[in-house]
Every structure is written in structure tokens, then in C-alpha cells.
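Accompanying notes for the structure given below.
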Amino acid sequence: MNVCSKARLRLIFISLSVPVSLIISPVFATQTNTPVELQSHKLIIDASRQFLDANIDTSQYSRITIKMGRLDPRLRLSKCEIPLTATQAAGSRFSGKTTVHISCSGKAPWTAFVTAQISLYANVIKTAQPLRNGHILRKSDLIESEEDLSRIKYGYFTDPKNLIGKELKRRLAQNRVIKANYVKAATLVKRGERVSIVAETTRYSVKMTGTAMMNGARGDRIRVKNLSSKRVIEGTVKAPGIVSIN
């Protein structure tokens with residue numbers, strides 16, 4: 001090989017090797033950059049707790065407990081350079097098991113999901129003793145007890161006055177929460193029984209004897225038969241065995 005050929009090969013080798021070094025250099029530069037700062041999991045959970053605290057009405061409960069879930073330790077999120085945003089997940093409530101969305105809308109946006117268990121406590125009315133079906137509730141049948149409302153699926157009572165005089169639709173064991181679908185207005189007049197038919201004004205009062213044609217609770221409109229005139233009339237149940245036709 002002559003001198004000119006060797007010179008040309010050397011030039012070709014140099015021209016090929018230089019661009020390769022230019023391509024590789026930026027990769028090394030990237031690998032040696034300062035690592036990306038990560039978002040603290042504690043701050044994400046704290047933001048979720050603050051959101052829940054701000055949105056639960058504490059005035060109607062005797063106490064509230066919130067147990068926050070944990071994030072997967074493998075979750076790596078870039079540190080948000082702006083304040084985090086918290087919203088409630090679709091379908092979640094501020095009681096029982098719930099989920100909060102925490103999001104960052106900064107340069108490197110992300111969203112995290114934080115679960116929590118919310119227990120809302122209040123005094124509710126329970127049975128003081130075993131009670132049979134059809135029993136008319138009295139004050140001595142009732143006690144108050146602090147319960148987690150998120151565990152009570154149906155309506156409950158907080159004031160015993162709203163239960164006294166109600167009739168049980170089912171048998172209940174001692175220490176059971178009395179729910180709205182367990183009671184009904186007590187039957188004060190039963191079909192076929194003798195009743196007093198009362199007509200009153202400011203100037204006079206007339207009382208007649210009749211027969212109830214149907215069952216009725218307080219305030220119900222029922223048909224009764226006047227035993228003297230044999231007429232069937234309508235009246236309002238006022239008390240056990242008493243129907244007003246005013």
C-alpha cells in the first residue's frame with residue numbers, strides 16, 4: 001500500500017470515529033445528572049387527611065375516626081413544585097371506606113389514589129331487652145348507645161320520643177339497633193271491635209257507639225258503622241278505641 005492510500009484510510013477512520021463520540025457523550029452526561037427529587041408519600045397522605053377533615057361535618061356526630069391507607073412503597077412520583085390538589089373519587093362518600101384523588105398539575109403531572117376508613121359515631125336507640133313482634137314500644141324498652149353509623153345500613157333513631165308508641169314489625173333481641181323498617185304506627189283501632197264515635201264542637205260533644213270496619217293507627221281515616229243509625233261514616237283515629245268525625 002502506498003503512502004497516499006494509507007493517508008486516505010487514516011482520514012476515513014478519523015471521520016467515522018468523531019461522530020460516534022459526539023453521539024455517545026450526551027448519554028453519559030444524562031446519566032451523571034442530579035437524580036430527580038421524589039414526592040414524599042407522607043405529604044400525599046397528609047393532603048388526603050386534610051381534605052377529609054375539611055369536608056366532614058363534625059357537628060352531628062359524637063366523635064369521628066379516620067384511618068388512612070398507605071401508598072405502595074414502590075410508587076415513585078416526581079416532587080410537585082406546586083400545591084397538591086385533592087378531590088373525592090367518584091362514588092365515594094364521607095363515611096365508611098372512601099378514596100381520595102391527590103394530583104399534581106405541575107411540569108411532571110401525576111395522580112395518586114389514597115384510601116381511608118371513616119367511622120362516624122353517634123348515640124342511637126337500641127333495645128333494652130328482648131321484644132316480641134307487635135310489641136308497643138315504651139320508654140323502658142329503649143336505651144342509647146354510641147355506634148359507628150357507617151355500619152348501620154338502614155335508618156336509625158337518635159331520639160326515643162320518636163319510637164315510643166310505635167309497634168314492632170318483627171321480634172328483636174336485646175341490644176339491637178332499632179331501624180326505621182322495624183317499626184310502624186301502632187294499630188289503635190282493629191276491624192270488628194267496638195269504638196266510640198265522637199263528634200265535638202266548641203259548644204257540644206256527642207258520643208256514639210260504633211263498629212270499626214277496618215284497622216287504623218293514630219291519624220288514619222277509617223270507616224265505622226254507627227250502631228244506632230246503621231250508617232257507615234268516615235272518621236279519624238284519635239286514640240285506642242276512639243274515632244272522631246269532626
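Residues 1 to 246 in UniProt numbering are what the sequence shown lists, from first letter to last.
Beta carbons: idealized from backbone N, C-alpha and C, even for Gly.
Predicted model, so just to flag it, every value in this text is computed and none were measured.
Please report how far the alpha carbon of residue i lies from the alpha carbon of residue j, in whole angstroms.
i: C104; j: Y154; result: 38 angstroms
i: M68; j: I45; result: 7 angstroms
i: P83; j: S95; result: 26 angstroms
i: D148; j: Q88; result: 21 angstroms
i: N226; j: M208; result: 7 angstroms
i: L38; j: R76; result: 6 angstroms
i: V198; j: I245; result: 6 angstroms
i: N221; j: V183; result: Sequence inspection shows Arg at residue 221; the Asn mentioned does not correspond to that position. Approximately 20 angstroms between the Cα atoms of the pair.
i: H135; j: L43; result: 55 angstroms
i: T211; j: I152; result: 43 angstroms
i: S48; j: F157; result: 32 angstroms
i: P240; j: I233; result: 18 angstroms
i: V243; j: G235; result: 6 angstroms
i: Q174; j: E146; result: 16 angstroms
i: V206; j: L137; result: 32 angstroms
i: R176; j: P160; result: 14 angstroms
i: D53; j: L71; result: 19 angstroms
i: R223; j: S140; result: 34 angstroms
i: T65; j: V114; result: 16 angstroms
i: C80; j: A112; result: 12 angstroms
i: I102; j: H41; result: 11 angstroms
i: I143; j: A180; result: 16 angstroms
i: E193; j: K166; result: 21 angstroms
Strictly by DSSP, which residues pair up with residue i?
i: G219; result: According to DSSP, which records beta bridges pairwise, G219 is partnered with nothing at all.
i: A86; result: I102
i: T236; result: R221, S244
i: Q117; result: K67, K97
i: K166; result: A185
i: K126; result: I143, V177
i: A108; result: A108 is not bridged to any residue.
i: Y156; result: K179
i: L38; result: S78
i: L43; result: BP columns for L43 are empty, so no partner.
i: L52; result: Beta-bridge pairing links L52 to no other residue.
Excluding the 5 residues preceding and the 5 following residue i in the sequence, name in chain order all residues of the same chain whose CB lies nearer than 7 angstroms to its CB.
i: P92; result: The amino acid at residue 92 is misidentified as Pro; the sequence shows Ser. Excluding positions up to five away in sequence, the list reads T98, T99.
i: A217; result: A185, A186, T187, L188, V237
i: R170; result: N133, Y182
i: S228; result: M208
i: L163; result: I125, L137, L142, F157, I178, V183
Can you list, in chain order, the residues of its chain with a C-beta nearer than 8 angstroms to that of residue i? Leave out the 5 residues immediately preceding and following it.
i: Y61; result: L120, Y121, A122, L149
i: L172; result: T127, P130, L131, I178, Y182
i: N55; result: Q88, F94
i: M213; result: R191, I222, R223, V224, K225, V232
Secondary structure at residue i, three-state DSSP: helix, strand or coil?
i: L142; result: strand
i: D148; result: strand
i: I136; result: strand
i: L77; result: coil
i: S21; result: Per-residue confidence for S21 stands at a pLDDT of 30, beneath the threshold of 50, marking its modelled position as unreliable; the derived number appears in the next sentence. Here S21 sits in helix by DSSP.
Spatial neighbours of residue i within its chain, please: CB distance less than 6 angstroms, with the 5 preceding and 5 following residues excluded, ordered by chain position.
i: F51; result: A86, V100
i: S78; result: V36, A108
i: G106; result: C80, E81, I82
For the ligand FMN, is there a heavy atom less than 7 angstroms away from the beta-carbon of residue i?
i: K184; result: Although the ligand FMN was asked about, the structure shown includes no ligands whatsoever.
Using beta carbons (cut-off 8 angstroms, strictly below), is residue i in contact with chain B?
i: H101; result: Among the protein chains of the structure shown there is no chain B, as only one such chain exists.
At 3 residues or longer, and completely inside the stretch 173 to 232: list those beta strand (DSSP E) runs for me, N to C.
-> 183 to 185, 187 to 189, 194 to 200, 205 to 212, 221 to 226
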